[in-house]
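Participant:
Protein chains: 2
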Amino acid sequence: MRSKNKFSEWLNQRSPVQLIIIFYIIAVTVSCLLLAMPVAHKDGVDLTFMEVLFTSVSAVSVTGLSVVSIVDSFNQLGIVLLAVVLQFGGVGVMTLGTFIWLVVGKKIGLKERRLIMADQNQYSFNGIVKLMKGVFKLILWIELVGFLILGTYYLTYFSSWKEAYFHGFFASISATTNGGFDITGQSLTPFKDDYFVQIIHIALIIFGSIGFPVLVEVKDYLFASQEERKFMRFSLFTKVTSITYLGLLIFGFIIMIVLEWNHFYADKSWHEMIFYSLFQSTTSRSGGLATFDMSLLTEQTQLVTSVLMFIGASPSSVGGGIRTTTFALVIIFILTFARGKSKVSVFKREIFEEDLYKAVVVVLMAVGLCITAIVLLTIFEDSSLIAIIFEVCSAFGTTGLSMGVTAELTNISKVILMVLMFIGRIGILTLLFSFNDVTKKGEFHYPKEKIIIG
Amino acid sequence: MRSKNKFSEWLNQRSPVQLIIIFYIIAVTVSCLLLAMPVAHKDGVDLTFMEVLFTSVSAVSVTGLSVVSIVDSFNQLGIVLLAVVLQFGGVGVMTLGTFIWLVVGKKIGLKERRLIMADQNQYSFNGIVKLMKGVFKLILWIELVGFLILGTYYLTYFSSWKEAYFHGFFASISATTNGGFDITGQSLTPFKDDYFVQIIHIALIIFGSIGFPVLVEVKDYLFASQEERKFMRFSLFTKVTSITYLGLLIFGFIIMIVLEWNHFYADKSWHEMIFYSLFQSTTSRSGGLATFDMSLLTEQTQLVTSVLMFIGASPSSVGGGIRTTTFALVIIFILTFARGKSKVSVFKREIFEEDLYKAVVVVLMAVGLCITAIVLLTIFEDSSLIAIIFEVCSAFGTTGLSMGVTAELTNISKVILMVLMFIGRIGILTLLFSFNDVTKKGEFHYPKEKIIIG
Ligand SMILES: [K+]
Ligand SMILES: [K+]
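Protein chains in written order, with this note's numbering: chain A, 375 to 828; chain B, 375 to 828.
#1: Show which residues of chain A have a CB atom less than 8 Å away from the CB atom of B:Y731.
#2: Roughly how many angstroms lie between the CA atoms of B:K507 and B:M795, to the nearest whole one?
#3: Go ahead and pull the three-state DSSP assignment for B:H415.
#4: Per DSSP, what kind of secondary structure is A:K485 in: helix, strand or coil?
#5: Which residues of the region 657-681 of chain B have a Cβ closer than 8 Å to any Cβ of chain A? Give them in chain order.
#6: CA-CA distance, A:L829 and B:E782?
#7: Identify the continuous alpha helix (DSSP H) that holds B:R450 and give its terminal residues.
#8: How would you list, in chain order, the residues of chain B whose beta-carbon sits under 9 Å from the beta-carbon of A:T804?
#9: Distance, Cα to Cα, B:L393 vs B:D556?
#10: Should the region 524-539 of chain A be regarded as contacting the region 403-412 of chain A, the criterion being three or more beta carbon pairs within less than 8 Å?
#11: Cβ-heavy atom distance between B:Q449 and ligand 2 below 6 Å?
#12: Under 7 Å between C-beta atoms, does A:V749 make it to chain B?
#13: Applying the criterion that 16 or more other CB atoms from any shown protein chain within 10 Å of the CB defines a buried residue, is B:C406 buried or exposed?
#14: Is any non-hydrogen atom of ligand 1 found closer than 6 Å to the C-beta of B:S894, if you look at the structure I gave you?
#15: Using a Cβ-Cβ cut-off of 7 Å, state whether B:T698 counts as contacting chain A.
#16: I'd like the ranges of any alpha helix (DSSP H) spanning at least 4 consecutive residues and lying wholly in the region 717-790 of chain B.
#17: Beta-carbon within less than 7 Å of B:A702's beta-carbon, same chain only, minus the 5 sequence neighbours each way: which residues are those?
#18: I need the DSSP call for A:G508, collapsed to helix, strand or coil.
#19: State buried or exposed for A:F544, treating a residue as buried only when at least 16 other CB atoms are found within 10 Å of its CB.
#20: Within the continuous alpha helix (DSSP H) that includes A:H645, where are the two ends?
#21: Against A:T551, what residues of chain B qualify as contacts under a CB-to-CB distance less than 8 Å, listed in chain order?
#22: So if I threshold CB-CB distances at 8 Å, which residues from the region 733-744 of chain B count as touching chain A?
#23: Rounded to whole angstroms, what is the Cα-Cα separation between A:G585 and B:I797?
#24: Given A:D446, which residues of its chain have a CB within under 8 Å of its CB, disregarding the five upstream and five downstream residues?
#25: When the Cα of B:F764 is compared with those of B:F649, B:A747, B:F754, which residue comes out closest?
#26: Beta-carbon within less than 7 Å of A:S432's beta-carbon, same chain only, minus the 5 sequence neighbours each way: which residues are those?
#27: Mind checking whether the beta-carbon of A:T698 lies closer than 6 Å to any heavy atom of ligand 1?
#28: Below 7 Å on C-beta distance, what does B:V704 contact in chain A?
#29: Compute the Euclidean distance between the alpha carbons of B:E755 and B:M777, then round it to the nearest angstrom.
#30: Can you check whether the CB of A:I696 is closer than 7 Å to the CB of A:V736?
#31: For a test of the three-state rule: what should DSSP assign to B:S533, helix, strand or coil?
#32: With respect to the alpha helix (DSSP H) encompassing A:T699, which residues constitute its N-terminal and C-terminal limits?
#33: Helix, strand or coil for A:H637, going by three-state DSSP, please let me know.
#34: Compare the C-beta of A:I579 against all C-beta atoms of chain B and say whether one is closer than 7 Å.
#35: Give me, in chain order, the residues of the same chain whose beta-carbon lies closer than 8 Å to that of B:A414; leave out the 5 immediate sequence neighbours on both sides.
#36: Just checking: is the beta-carbon of B:I547 within a distance shorter than 7 Å of some beta-carbon in chain A?
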């Protein structure tokens, strides 16, 4: 704590919630100003305030739901600005959010902070800033590689190299930030038979949504010497996140094959089935890009996809929803309870009671929130119930997959979805803390037990 | 514990879960045998095994969903037998269930038992049996009064007094046990303008579903002298249950008026609106009788009704669902967490952590269970999603309200609904305990804190 400067003191005086909300309002305002500029629009396009606002909220929260067609509304400048907003919203919020947890969140005593800091040996303010810079750089590198690969590959699709690399540029940012926007006008469906494009997109989406601590730890591991590796161990956070993330990917993959065997896959080849399922499972974490029309799926797949989007991506990532860790903790909690044990452990490490409480509250509140939103949307929209459920879960999970409801929403429903995108992105827990002054007074604590089993 | 006899020792050797499952299997088997008898059927009616089984499970769990028309399938004898099964399933399971909690459940250290026994001063086995007998008698009295009032009143509707009192007999049992079956062929719609009939039904449904400890305590209070009343206080269970029950009633009443103002109520008078809403709110607790066709409601009301049915009735009642107390504890839990407190109290009394854990697990598992059932039914049925959601919540809440899906289900969906009715009736917690041997070894305990605030 030696090198605290004025900025960090100012930060310390704001609560994390204040900071995140300030950041959001600034980000959305700036995004609105940028995207409202007529010079960013195609000729003859006149966007309403609501359209610009919705696009901005969707972009800052890297959701990808859109009430206008991006490619029909924005010119090249507009698309570049949108990419900047996505980068800002995705990586910026991720970095800032984590930064806030690390610096200011110490008052709350968050498990994530404890784990990360212990494992990264980053106790000082400078160390944290360095860590954040490292993450930011890492993501820029990922995006650059994605841009080069996709841009070069797109030379086979587009007549000019400018167009190819422009598409590569936007695709790489949209995939890595899990922005989910597209400038093809039909998401990734033009590449439904191009498995190379899909694999690159899958990789970028996963890099963005698996959580930055995982990225950092894996990077550190890969760049370490044989000798150093002996002393390295992955944090509990990384283990739980990665396994849950992978588990959800596999589940999403298998369930889609099972549910669509006689329907969507009835006339498809085995490799089409594998890639459609793989891409769909990945994109429903948080990506939002699609290789086919969601309304072609059976209602049961749409429902399961809704649940998967509701769960969302890892914390400290570019994704939303209740988060993979929350889901994992709740499952662990239920299993522990069902087995009649009162102490919860995983990977031979303790789980703090407060983390369980948090996870459970997040899920319960998220369920209540989404049900409320669904009921409200059935009042204001004529769409089918499944389409509404799908859209609500997509907004809360900041996924951006759509069954086409968003394009023709009433204004009040747009506001509801914007609120969901906002809450989904900042997380229920942040919202919860905004209702009390716990982060300032530090009153929030439950009894802790250290348990080492095995 | 002085007067334990052999029967109680035998009971002690069974786990509560074993007992309840044994009871269920016996009850459903006996019910199947009774209702399968051709002598109980109308001429020319030939019921399949699946139809008899579904009717039996629905009757034993006092749900009221039916794949056959009761009045078209069963003759007078069959209807009397059905009433007996309802009585057995409703009051029998309630009494037995509570009995088991009280006698065998002491190993689990259940809050309910503690509260009831402390407040009723019923510590001995004989005392408990006496209490159970009292409850059973109380319900018989309620049913008798209901029968006399309804039967006599029905003289204005039916040409013969036999018919009038027969209808009164069945209606009283179906309402009090929250059985939800009808012999009019169209539930209570013939009485949609008869507010007297509706009020009697509302009273009987509430008596059955508000929870027997409430009944007993209120009865004790009413029959006590002025002097005795000074020393009486209602248990925490009664307070929490009654207030939640009442709160849900009021919420259901208001929300229906709000959501149907321009739809179902557009052409109705103010008193029609009040009575339709009042009856619908009451019946969605667990009753299952209806004064109008559910498909006339807007999708939003159908959704909200589904949620209300999912919550269900009070524990230790004839109802199902997650139960009012569970709902209340979860709300209290979330509010406490949001306010940044770690200790939970209500009415200046402590809430045990284990009760919070239980409540949370019940809700999470119930949500998971119902979503799974909904996905499965969308696979096997062609019905609309809202109709499936409605039917699933109705089965889990053992409510029995229907949008007409049940009548034409595939066999696999019938099995799914039967499982839901079974779990909804015995309660998620009982199901949970069946996965571990906790009730035998008594390993299940969390740290407890006594908190007296105010
Ligand atoms: K997205
Ligand atoms: K019922």
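Every residue, glycine too, gets a C-beta built ideally from N, C-alpha and C.
Facilitator: On the basis of the data shown:
#1: F711
#2: 26 Å
#3: In the structure shown, B:H415 sits in a strand (DSSP, three-state: E or B).
#4: Only weak support exists for where A:K485 lies, its pLDDT of 41 falling under 50; the value from the coordinates is given anyway. Looking at A:K485 - three-state DSSP - the assignment turns out to be helix.
#5: T672, E673, Q674, L677, V678, V681
#6: One cannot answer for residue 829 of chain A here, as it falls past the ends of chain A, which runs 375 to 828.
#7: At residue 450 of chain B the sequence reads Gln, which differs from the Arg that was named. Taken as a continuous stretch (DSSP letters only), the alpha helix (DSSP H) holding B:Q450 covers 450-461.
#8: Those do not exist, as A:T804 stays about 12 Å from chain B at its closest Cβ, beyond 9 Å.
#9: About 30 Å.
#10: No, the region 524-539 of chain A does not touch the region 403-412 of chain A.
#11: Contrary to the premise, residue 449 of chain B reads as Asn rather than Gln in this sequence. Ligand 2 never approaches B:N449 closely enough for any of its heavy atoms to be under 6 Å from the residue's Cβ.
#12: yes
#13: By the neighbour-count rule (16 or more Cβ atoms within 10 Å), B:C406 is buried.
#14: For chain B, the structure presents residues 375 to 828; residue 894 of chain B sits outside this window and is missing.
#15: no
#16: 727-754, 759-770
#17: V614, T618
#18: helix
#19: Flag for A:F544 reads buried.
#20: 644-656
#21: Simply none; closest approach about 30 Å.
#22: V734, V735, V737, L738, M739, V741
#23: 38 Å
#24: Excluding sequence neighbours, A:D446 sits near K416, V419, G559.
#25: B:A747
#26: G438, L439, S440, M795
#27: no
#28: L738
#29: 14 Å
#30: Yes, these two residues count as a Cβ contact at 7 Å.
#31: coil
#32: 698-712
#33: It is coil, neither helix nor strand.
#34: no
#35: L408, F448, N449, L451, G452, L455
#36: no
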